[in-house]
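*Asks:* Reading the sequence shown from the start, the letters are residues 0 to 92 in numbering that gives the first Met the number 0. What follows is a single structure, and I will ask about it in a moment.
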Amino acid sequence: MLIDFRLDRRGVEEALKAEPVRDLIEAKAQEVAAGVTAQVPPGVEVKVETYTTDRAAAVVLIKDVRAMAWQARDGVLTRAASSAGLEVRAWQR
């Protein structure tokens, strides 16, 4: 049975930028940030920044010069993201 399927690209873009999706992404990023905060020394600033490109997005920042070492040695961001239920995969070219 052949079904005609046409992707509504504008509709998908609109959905990915919608406020409920932005709220969901920010909440998940805050959950990751809380997981990171629990793993780093007290007083280290962990910040969430949200932005929109072709979709809503967020980034979790560890505002400390030792952050790369903590990620490389202990995987603080990877562990926090995994604990928040996010799928973490190695970056591939």
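The beta-carbon is built from N, C-alpha and C at its ideal position, and this holds for glycine as well. Note that the structure is a prediction, hence the values are computed from the model and not measured.
Counting only the same chain and skipping the five closest in sequence on each side, list residues whose C-beta sits under 6 Å from that of A68.
*Replies:* Excluding residues within five positions, none has a Cβ falling inside 6 Å.
*Asks:* Identify which residue in T36, R54, D7 has its Cα closest to the Cα of E18.
*Replies:* Cα-wise, what sits closest to E18 is R54.
*Asks:* Between which two residues does the alpha helix (DSSP H) holding I61 run?
*Replies:* It is not in any alpha helix (DSSP H) - I61 instead sits in the beta strand (DSSP E) that spans 55 to 62.
*Asks:* Once DSSP output is grouped into helix, strand and coil, what is the label at E86?
*Replies:* It is coil, neither helix nor strand.
*Asks:* With a 10 Å radius around its C-beta and 16 neighbouring C-beta atoms as the bar for buried, classify I61 as buried or exposed.
*Replies:* That one is buried.
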